[in-house]
Amino acid sequence: MIRIAAQHLFDGHGIMNDAIITVDGPRVVSVETSSHPGECCDYSAAWVTPGLIDLDSGIGLKEESLGFEGNDLNEMTDAVTPEMQAMDGLSPYDTSLAKSLMGGVTTALVMPGSSNVVGGRGAVVHMVGATANDMCIKAPFGMKFSLGNNPKQTHGEKRMPMTRMGNAFLIRDILTKAREYREKKKEYNMKYEALLPLLAREDVAFIQALRADDIMTAVRVAEEFGLRYVITGAFDADRVADQLKEKDVTVAFGPIIMSRNIDEARRLHPRNAVVLLDSGTRTAIIAGHPNYPAKYLRISLGLLVGRGVSPVQALGSVTRVPAGILGLDGYGEIRPGSVADLALFKAQPWEPEGVTEHTFVGGTEVYGRS
Amino acid sequence: MPLQERSRMILIHGGTILTVTDGVIEGGSVLLGDDGKIAEVFANHTDVPGAIVVDATGKYVVPGLVDAHTHLGICDLEVGEIGEDENEMTNPSTPACRSLDAVYVWDSGFADALAGGVTTVFTGPGSGNVIGGQSITMKTAGHCIDEMVMQNPAGLKTASGENPKRVYKTKTQLPSTRMGTAKVLREALSKARDYKERRAGTEPPVTDLDMEVLCKVLGREIPLRMHSHRADDMITMVRIRDEFNIRMVIEHGTDSARVCHELAQAGVAVITGPLLDVSPKVETASSSFKTPHLLHEAGVLTAIMTDHPVIPIESLRLEAAIAAYEGGAGEQEALEFITINPAKILGLEDRIGSIAKGKDADIVVWSGHPFKASSVAEKTFVNGKLAWEVNA
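These protein sequences, in sequence, are chains D and E. Those letters in the first sequence? Residues 1 to 370, per my numbering, in order. Those letters in the second sequence? Residues 1 to 392, per my numbering, in order.
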């Protein structure tokens with residue numbers, strides 16, 4: 001049994017003062033308020049939150065500090081590769097994994113990159129484990145799609161797509177063929193097989209779209225096939241916030257801090273995320289690692305809080321909301337029975353001052369600041 | 001907008017003044033003169049007849065930040081390849097190339113700088129060449145480069161390590177090794193030494209623009225600004241510095257903590273960063289927010305850079321903030337990394353980097369402490385004029 005005292009506890013839903021969290025094995029068993037927090041506790045912290053969750057991450061697939069040797073993000077030999085699985089490229093030795101724990105980030109949806117129109121299937125993992133299997137919470141999960149410049153630039157000189165029309169066509173084409181394959185299966189086809197859970201609405205499409213027109217193309221194509229889907233990146237989402245709200249679209253926005261040295265990131269600004277959050281659209285905030293280090297996901301939230309987003313909403317966007325998108329029961333919140341993935345901070349987690357002091361995964365301390 | 005009138009003095013009163021070099025003043029006032037300089041710093045609320053008053057009660061008044069290593073305006077944010085003028089990679093040695101001729105002052109990065117409280121930048125060529133070209137120091141407000149520039153040239157960009165050898169290896173051209181890189185630099189400086197001697201003689205040589213720039217380096221008028229990540233590269237470059245008795249500043253210095261005492265001994269300043277990124281290559285593997293503090297402790301004059309556009313320029317304060325709380329530097333030292341220290345490295349400590357009478361009136365009014373991510377720069381003054389206002 002571990003007892004943790006929190007001056008401020010964000011439990012995934014709201015902020016409670018002077019709380020004591022009791023952990024037994026891998027789970028939280030109780031959350032109580034106490035007039036004497038800190039007494040008889042093993043740990044105490046100014047702030048405690050659920051372990052943070054990053055969606056559409058390249059962590060472990062594109063290893064820090066390495067070039068070609070550590071880059072397994074995009075199988076760029078073909079623009080349509082739904083049969084790829086992130087689990088098969090995931091390195092548990094990426095130094096960014098341990099650094100993420102140092103920022104209170106415990107979980108990621110690792111997905112192939114955005115060079116292919118259809119990239120492959122993702123894996124929901126903990127940031128710690130001796131092998132990819134140890135890290136894995138569930139896989140394969142999620143199908144990565146990508147619109148806009150990246151697939152055009154990667155493939156256009158050799159093969160389709162060369163245009164945004166080509167991007168959309170390739171998605172429609174493979175989904176149409178997979179649907180027919182499902183109905184009158186002939187010869188085994190690995191690409192179509194990989195798409196069957198998505199067509200059956202058992203899996204979720206994660207469609208990277210940065211520009212507003214690409215976001216709406218993603219919505220159009222996903223609706224045509226009745227997919228469950230999430231828009232990722234979504235830098236220009238403020239331009240189509242009304243449409244996204246009306247259609248009840250889910251968005252994984254970010255990273256909020258990134259070089260704007262590509263045309264599609266030109267309008268990237270924290271206020272775009274604020275517009276989206278204010279509109280009531282279900283929104284997760286992401287680091288987009290390695291475009292921005294997952295370790296500092298928490299600090300990108302400060303830019304939102306400074307523009308009027310409540311701490312509860314900001315913290316929820318990196319805990320409860322992404323856990324819900326991933327369908328992970330017991331993650332992203334702290335309550336009796338939840339998984340004991342916890343982050344302890346020295347001050348407000350969205351401020352640089354709120355340095356991470358301890359991180360727990362499944363009730364085990366995986367990081368302690370010396 | 002009365003604040004933009006050139007001829008009126010502006011009095012910023014109330015708030016917490018972080019002077020950087022003379023402590024923290026609670027509830028004082030700063031008077032920006034009509035000549036673009038700080039006319040006076042008062043320890044308390046003072047009325048100045050005729051001055052426009054800016055109420056900063058409850059806010060932070062901070063000197064304009066200084067980013068001593070960027071590619072602002074040279075690597076434009078908006079237009080992709082056609083706006084990239086960082087590296088003239090047709091020859092590994094191009095000292096005569098000038099940033100002044102490549103800066104696009106309407107690039108949105110300048111507005112981002114002002115919105116992030118950055119009022120002075122050093123901007124220069126990239127690290128594709130061993131000798132990339134001349135950098136400049138400039139203010140971030142204005143419409144004409146010739147009015148914004150403070151130093152031209154401010155330094156000669158040079159590079160060691162992975163970048164130049166990678167660029168020229170693909171062209172099967174020298175340099176393809178670290179030895180080759182050192183050779184290119186040593187040969188250029190040796191030729192310049194010869195040129196300089198002949199220039200002073202009875203039969204001066206035909207003017208060579210590359211050599212003219214290198215003569216400024218040999219004459220210690222400008223430093224080499226040496227891109228260097230690995231500790232062995234830094235030591236190599238300091239060796240070459242001493243062979244030619246020239247000045248040098250180390251840029252990036254990712255692995256510099258390993259040789260911090262040697263660098264302190266050599267009197268080399270280091271501009272660390274970019275730090276708020278995922279280490280992209282082998283030679284940046286030891287990147288750490290602790291490095292600036294370790295260098296400072298060893299006695300090295302240290303600054304922090306964004307390397308904009310690598311890290312967006314408005315995040316300079318966030319890098320310093322993380323160095324303060326996570327890297328062990330503390331608030332005062334970390335603030336110095338982005339104000340007075342880069343000013344000293346640039347040789348501009350008499351004009352910028354702190355709030356003091358007679359210095360350039362580059363002042364930022366923040367909603368809260370600039371190291372809080374939730375704070376925003378509400379008003380940025382450059383040379384005594386309002387250059388940026390939030391939501392304006």
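All residues carry an ideal CB built from backbone N, CA and C; glycine is no exception.
Secondary structure of E:Ile250 (DSSP, three-state): strand.
D:Trp350 reaches chain E at Ala373 and Ser374, counting residues in chain order whose Cβ is nearer than 8 Å. Excluding its 5 nearest sequence neighbours in each direction, D:Asn150 has C-beta neighbours in its own chain below 6 Å: Ser114 and Ser115, listed in chain order.
Around the C-beta of E:Asn44, fewer than 16 other C-beta atoms lie within 10 Å, and the residue is accordingly described as exposed.
Here D:Gly120 is bridged, per DSSP, to D:Lys144.
Shown here, D:Glu69 sits in a helix according to DSSP, grouped into three states. Sequence-distant Cβ neighbours of D:Met216 in its own chain, meaning closer than 8 Å and more than five residues away, are Val240 and Gln243. By the Cβ criterion, the region 177-186 of chain D is not in contact with the region 201-213 of chain D, since fewer than three pairs of Cβ atoms, one from each stretch, lie closer than 8 Å.
Collapsing the DSSP output to three states places E:Ile363 in a strand.
Taking 8 Å as the CB threshold, E:Lys281 lines the interface with chain D.
By the Cβ neighbour-count rule, D:Leu303 is buried, with 16 or more other Cβ atoms within 10 Å of its own. Interface annotation, E:Tyr325: in contact with chain D, CB-CB separation under 8 Å. For D:Ile15, no chain E residue has a Cβ inside 7 Å of its Cβ, as the nearest lies near 16 Å away. E:Ala51 sits close to E:Ile10, with the two beta carbons spaced by under 8 Å. Residues of chain E with a Cβ closer than 9 Å to the Cβ of D:Gly233 do not exist, since the nearest Cβ in that chain sits about 16 Å away.
In terms of beta-carbon proximity, D:Ile299 lines the interface with chain E, with at least one pair separated by less than 8 Å. Secondary structure note for E:Met211: its alpha helix (DSSP H) is the uninterrupted segment Leu209 to Leu218.
Assignment of E:Glu26 by DSSP, reduced to helix, strand and coil, places it in the strand class. Annotated as proximal: E:Gly109 and E:Pro309, with beta-carbon spacing under 8 Å.
Selection D:Val339, D:Arg335, D:Gly129 and D:Glu223 evaluated against D:Met16 yields D:Arg335 as nearest (Cα-Cα). Taken in chain order, the unbroken stretches of alpha helix (DSSP H) that lie wholly in the region 272-321 of chain D and span 4 residues or more are 297-305 and 311-316.
Scanning chain E for C-beta atoms nearer than 9 Å to the C-beta of D:Tyr296 yields Leu276, Leu318 and Ile322, reported in chain order. Residues of chain D whose Cβ lies closer than 7 Å to the Cβ of E:Ser315 are, in chain order, Ile257.
E:Asn383 sits in coil when the DSSP states are folded into three classes, being neither helix nor strand. Across the region 54-67 of chain D, CB contacts with chain E closer than 8 Å involve Glu64, Ser65, Leu66 and Gly67, in sequence order along the chain. D:Val321 is positioned such that its CB atom lies no closer than 8 Å to that of D:Leu277.
For chain E, the residues of the region 75-109 of chain D that bring a beta carbon within less than 7 Å of one of its beta carbons are Ser96, in chain order. Pairwise C-beta distances place the region 95-107 of chain E out of contact with the region 353-367 of chain E, as fewer than three of them are shorter than 8 Å. DSSP, reduced to helix, strand and coil, places E:Ala269 within a strand of the structure shown. At least one beta carbon of chain E lies nearer than 8 Å to the beta carbon of D:Asn261.
Burial of D:His289 is indicated by the presence of at least 16 other C-beta atoms within 10 angstroms of its C-beta. When the beta-carbon positions are compared, E:Asp362 and E:Phe337 stay at least 8 Å from each other. Contacts between D:His289 and chain E, judged by CB atoms closer than 8 Å, involve Val278 in chain order.
In this structure E:Ser256 is buried. Its beta-carbon is surrounded by 16 or more other beta-carbon atoms within 10 angstroms. Excluding its 5 nearest sequence neighbours in each direction, E:Ser135 has C-beta neighbours in its own chain below 8 Å: Ser99, Phe122, Thr123, Gly124, Pro125, Pro153, Ala154, Gly155, Leu156, Lys157 and Arg225, listed in chain order. Here D:Ser35 is exposed. Its C-beta has fewer than 16 other C-beta atoms within 10 Å.
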